[in-house]
Amino acid sequence: MSATESEAPPVSWLQLPEAPEPGPAVAGLLEETRQKLGYVRNGQAALLHRPELVLAQEALSRAANRNPESGLSRTERELIALVVSSENRCQPCVFGHAAALRELTGDDFWVAQVTINHRHAGLSPRERALADYALAITRDPGALEAEALAPLRAAGLSELDILDAAAIAAYFNFSNRINSALGVTANPEAQAAHRGRRS
Numbered sequence: 001m002s003a004t005e006s007e008a009p010p011v012s013w014l015q016l017p018e019a020p021e022p023g024p025a026v027a028g029l030l031e032e033t034r035q036k037l038g039y040v041r042n043g044q045a046a047l048l049h050r051p052e053l054v055l056a057q058e059a060l061s062r063a064a065n066r067n068p069e070s071g072l073s074r075t076e077r078e079l080i081a082l083v084v085s086s087e088n089r090c091q092p093c094v095f096g097h098a099a100a101l102r103e104l105t106g107d108d109f110w111v112a113q114v115t116i117n118h119r120h121a122g123l124s125p126r127e128r129a130l131a132d133y134a135l136a137i138t139r140d141p142g143a144l145e146a147e148a149l150a151p152l153r154a155a156g157l158s159e160l161d162i163l164d165a166a167a168i169a170a171y172f173n174f175s176n177r178i179n180s181a182l183g184v185t186a187n188p189e190a191q192a193a194h195r196g197r198r199s
């Protein structure tokens with residue numbers, strides 16, 4: 001194998017030198033990711049020259065997606081993430097959130113349906129309301145009106161659930177856009193993860 005072939009593929013379009021050794025906070029975050037996934041996400045690696053951005057993005061992600069008091073299940077949160085990422089055609093995020101949904105549901109086929117078109121995935125009324133709301137936020141947030149919340153309420157979502165859904169959809173629009181703007185590449189490990197199962 002040549003030296004060129006043995007080099008790791010670029011994580012983004014940026015032509016930067018190797019990032020300096022991360023400080024304790026970023027190093028701890030990267031190690032936490034390795035322990036959870038088995039690898040560092042390219043979206044993290046691409047931002048290492050701006051450690052404050054890595055930490056700020058992680059803080060926002062945790063606040064939006066991991067609030068233990070949220071009434072949204074993990075599956076519902078990942079559903080929102082996947083619907084937003086699919087609409088934005090953000091490959092690293094689609095791969096990552098599809099893998100998370102496969103792990104949570106054990107259903108490769110259903111996750112593939114959600115990825116392509118959530119309307120044909122047999123969602124529950126609650127899931128459909130969340131997915132449709134996430135899509136509306138992503139496609140044309142300026143067109144949203146108060147009536148956009150009615151289907152969510154009708155599906156049994158509380159006002160705080162709706163707040164959480166909006167925050168999750170908005171966060172992943174940010175994440176998708178920074179990844180797409182920098183040409184962040186997908187982790188092949190994510191695309192391969194948690195496959196071969198059907199609930």
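Numbering-wise (the UniProt record's numbering), the sequence shown opens with residue 1 and increments by one.
Here a beta-carbon is modelled for each residue, glycine too, at the ideal position from N, C-alpha and C.
These figures come from a predicted structure and were not determined experimentally.
The three-state reading of DSSP puts P10 in coil, since its state is none of H, G, I, E or B. Rounded to whole angstroms, G23 and S61 show a C-alpha spacing of 20 Å.
In the assembly as shown, A181 is an exposed residue. Its beta-carbon has fewer than 16 other beta-carbons within 10 Å. In this structure, the alpha-carbon of N117 lies about 10 Å from that of W110. Contact between R77 and I168 holds: their C-beta atoms lie close to 6 Å from each other, under 8 Å. Approximately 13 Å separates the beta-carbon atoms of N187 and C90; this is outside 8 Å, ruling out the contact. Here F174 is exposed. Its C-beta has fewer than 16 other C-beta atoms within 10 Å. With 16 or more other CB atoms across the displayed protein chains lying within 10 angstroms of its CB, E127 is buried.
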